[in-house]
Amino acid sequence: MSDPVRTLLTGATGTLGRALRPRLVEAGHDVRAASRSPRSAADGVEWVELDLADGTGLPEALEGVDVVVHAASAPRGDSEAVDVRGTERLLEAAAAEGVSNVCYVSIVGVDRIPLSYYEHKREAERLVEERPVPSTIVRATQFHSFAFELLETVSRLPIWPLPTAVRIQPVDVGEVAAAICERATLEPAGRVPPVGGPEVRTVRELASAYREAKGLGRPIVRLPVPGSAAAAFRNGEATCPDRAVGTVSWEAWLSRRLDS
Ligand SMILES: NC(=O)c1ccc[n+]([C@@H]2O[C@H](COP(=O)([O-])OP(=O)(O)OC[C@H]3O[C@@H](n4cnc5c(N)ncnc54)[C@H](OP(=O)(O)O)[C@@H]3O)[C@@H](O)[C@H]2O)c1
1 MSDPVRTLLT GATGTLGRAL RPRLVEAGHD VRAASRSPRS AADGVEWVEL
51 DLADGTGLPE ALEGVDVVVH AASAPRGDSE AVDVRGTERL LEAAAAEGVS
101 NVCYVSIVGV DRIPLSYYEH KREAERLVEE RPVPSTIVRA TQFHSFAFEL
151 LETVSRLPIW PLPTAVRIQP VDVGEVAAAI CERATLEPAG RVPPVGGPEV
201 RTVRELASAY REAKGLGRPI VRLPVPGSAA AAFRNGEATC PDRAVGTVSW
251 EAWLSRRLDS
């Protein structure tokens with residue numbers, strides 16, 4: 001019997017990381033989960049401390065690793081330091097360790113939507129492709145939880161001002177985790193087809209379904225958002241309708257989420 005693949009999972013505490021952990025363990029990986037605040041060993045994974053913004057813990061995290069699943073990111077923090085420079089540090093250390101495959105998680109539309117976070121993700125993709133360590137890049141559309149969090153922030157308001165014409169293709173994070181798990185092997189695959197949710201939906205449609213599921217009667221009003229990034233979202237640049245591989249609809253996800 002061959003040895004299990006030893007896999008470092010960055011961003012192991014995040015939305016995607018939490019979905020990846022059990023799937024990687026179930027797929028037979030020997031999982032090392034990384035966080036700036038590591039947990040004590042549990043759920044069949046080994047925890048290590050890793051801060052990509054300054055490299056704390058990087059050599060220890062990578063020791064003996066075959067595959068890296070890189071899901072750490074700072075969408076609301078310093079994404080230049082974490083997503084760009086942190087990815088660069090990780091790639092250098094992975095190359096030195098002789099890692100077989102760095103599997104990088106990115107977002108559909110990072111090359112088409114002029115948001116600084118997306119520009120940093122695009123730069124990280126470029127580094128992943130250019131550096132000598134073998135790699136795989138998997139892009140995904142927005143997770144259902146992303147839309148849910150946006151709607152939760154307006155749900156207490158008497159009227160809901162929203163960028164109603166924005167179009168996204170929300171996907172179940174478990175389905176994204178399953179697709180990434182399939183790519184987390186000793187065989188790097190380069191840029192692979194993205195993972196999109198089952199349907200492209202407007203924010204108005206998502207908000208209406210959320211309002212109905214919550215039994216609320218608030219008016220939804222269009223919030224005009226100027227600028228080219230908002231226009232790109234309205235144009236559907238964050239979607240990949242030809243890769244609608246997810247099967248869990250927004251309504252099905254919502255009902256599961258609100259029942260839990
Ligand atoms: N959310 C979406 O809708 C979506 C859609 C498509 C693709 N993606 C991509 O999927 C990946 C995961 O996204 P997510 O939504 O799961 O992210 P998330 O919930 O915001 O989690 C971010 C993770 O990054 C880690 N992290 C942050 N700063 C760090 C640092 N300085 N050093 C090391 N780790 C750090 C955090 O760990 P600690 O705080 O424990 O250190 C956390 O585990 C990202 O690359 C994102 O771009 C997300």
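Residues 1 to 260, numbered by the UniProt record's numbering, are exactly what the sequence shown covers, in order.
We treat Cβ as the ideally placed atom computed from N, Cα and C, and that holds for glycine.
Short note on Leu52: C-beta closer than 7 Å to some heavy atom of ligand 1. Close CB contacts of Pro188 within its chain, under the 6 Å cut and outside five residues either way in sequence, are with Asn101, Pro134, Ser135, Thr136 (chain order).
Per the DSSP secondary-structure output, Leu8 pairs in a beta bridge with Arg32, Val68. Not a single heavy atom of ligand 1 lies less than 7 Å from the C-beta of Ser228. In its chain, beyond the 5 residues on either side, Leu24, His29, Asp30, Val31, Arg32, Val65, Asp66, Val67, Val68, Val69, Ala184 have a beta carbon closer than 8 Å to the beta carbon of Thr7. Of the other Cβ atoms in all chains shown, fewer than 16 fall within 10 Å of the Cβ of Ser255; this residue is therefore exposed. With fewer than 16 other Cβ atoms from the protein chains shown falling within 10 Å of its own Cβ, Ala41 counts as exposed. Using a cutoff of 7 Å, the CB of Ile113 does not count as near ligand 1, since none of the ligand's heavy atoms is closer than that. Taking non-hydrogen atoms of ligand 1 into account, the C-beta of Phe148 is found less than 7 Å away from none of them. The beta carbons of Leu62 and Glu97 sit about 5 Å from each other, so the pair counts as a contact at 8 Å. Taking a C-beta distance under 8 Å as the contact criterion, Val110 and Tyr104 do not qualify as a contact pair. DSSP places Thr153 in no beta strand (DSSP E) but in the uninterrupted alpha helix (DSSP H) bounded by 144-154. Annotation: the region 163-240 contains the following complete segments of the alpha helix (DSSP H) (minimum length 4 residues), in chain order: 173-183, 203-214, 228-234. When the five nearest sequence neighbours on each side are left out, the beta carbons in the same chain lying within less than 8 Å of the beta carbon of His144 are those of Pro170, Val171, Asp172, Val173, Gly197, Val248, Trp250, Trp253, Leu254, Arg257, in order along the chain.
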